[in-house]
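Shown next, in structure tokens, is the structure this report addresses.
Residue numbers (my numbering): 325 to 411.
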């Protein structure tokens, strides 16, 4: 067997790069900041107002689903996603 047939596996990512929580919370905060800016400066633009509010609400819902899956993986639930317990 040559090295080309069985390449070495890449090293694991550092914890700070593998943890999606800062990105999810930061993105959600930016959606709400955008909502406040649109609310203050361009309230007449209803499409932009509802888009930014929806982005923030969906970020909260997505974070809730992520936390739910992570808790299920940590307690060993068979239906949980794999790979979340070590982050």
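Glycine included, each C-beta is placed from N, C-alpha and C at the ideal position.
Residue 349 carries a helical assignment under DSSP once its states are collapsed to helix, strand and coil. For the options 335, 372, 348, the alpha carbon positioned closest to that of residue 385 is the one of 348. Below 8 Å, too few C-beta pairs join the region 389 to 398 and the region 360 to 371 to call them touching: fewer than three.
The alpha-carbon of residue 382 is positioned some 10 Å away from that of residue 375.
Put simply, the backbone Cα of residue 346 is about 21 Å away from that of residue 360. Around residue 372, the same chain offers 362, 366 as residues with beta carbons nearer than 8 Å, after the five sequence neighbours per side are excluded.
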